[in-house]
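Below is one structure; the comments refer to it alone.
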Ligand code: ZN
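Numbering (this note's numbering), first residue to last: 3 to 227.
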C-alpha cells in the first residue's frame, strides 16, 4: 500500500508543508449523476467523510478491494484547504483554497447499496484504506475559474466521465461554507466536490487516465489489493 505519507505536494514538486488531513466529500452534486443513480436531488448538500488513511497517491497503481463486489470510479475535482475554516463565509472559503487537484472517490457500490438499504452508515464502502487516490495539487493562483474546468476519466482508452465543474449544484465556495458549519476544515484537509455521470466498475488490469482540464492528467493502472 502506498499511503499519502502525510505530505501533500504541488504539481511542480513543491511541498505544501502541511500534513494530509481528513477528506470531506459531497454526494449528488451533479444533476447527471443523480439521474444515473435514480436518486433525487437533495435539498442540502449530502456530506460524508473519508479518513486520512483513505488517501493514496493517484500516481501509484490504484489498488481496489476485490472481495466486496463492484468497486466504482468517481472522478472528482479536489480542493486543498490552507486555512482553518469554521462557520465561514463563501469569500473566506474561496480565499482558503490553496490547491486544486483531481481524485477518485472509490466506492464499493454493492456494499454501499446494502448498507443504504439497512439504513446503516456507508463508511465501509467509501472510507476503506486507499479509497481516495488523489493527484498532486496545482496552485490555486494558476486556476482562473473553479467552476469552469473539465473533469475527465478515460478507462482503457474510452472516455467514461466528462463534465464541467459549471454543472455542480452547489459551487465550491458555497459548499465549503456549508461544510464548515458542521466540520471545521483544517489546513491539509481535502474536499472532493462530487462526481459527474459515467461512474462504473473497475477491474484489475484497467488503464485509467484522470484529468482536470489542461491542468492535471494522471495515467495509472488498476490492481487488486
Ligand atoms: Zn463521490
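For glycine and all other residues, C-beta sits at the position ideal for the given N, C-alpha and C.
Judged by the Cβ position, residue 78 qualifies as a neighbour of ligand 1 at the 7 Å threshold, a heavy atom of the ligand being closer than this.
Within the chosen limit of 7 Å, ligand 1 does not reach the beta carbon of residue 177 with any heavy atom.
Counting only runs of 3+ residues, the beta strand (DSSP E) found wholly inside the segment 58–130 occupies 64–66, 73–75, 77–83, 99–106, in chain order.
With 16 or more other Cβ atoms inside 10 Å of its own Cβ, residue 182 counts as buried.
Of all C-beta pairs linking the segment 187–205 to the segment 20–32, three or more are shorter than 8 Å, placing the two stretches in contact. Collapsing the DSSP output to three states places residue 141 in a strand.
Look at residue 197: its beta carbon is less than 7 Å from one of the heavy atoms in ligand 1. In the DSSP assignment, residue 171 falls outside any alpha helix (DSSP H), carrying neither H nor E.
Around the beta carbon of residue 226, a 10 Å sphere encloses fewer than 16 other beta carbons of the protein chains shown; the residue is thus reported as exposed.
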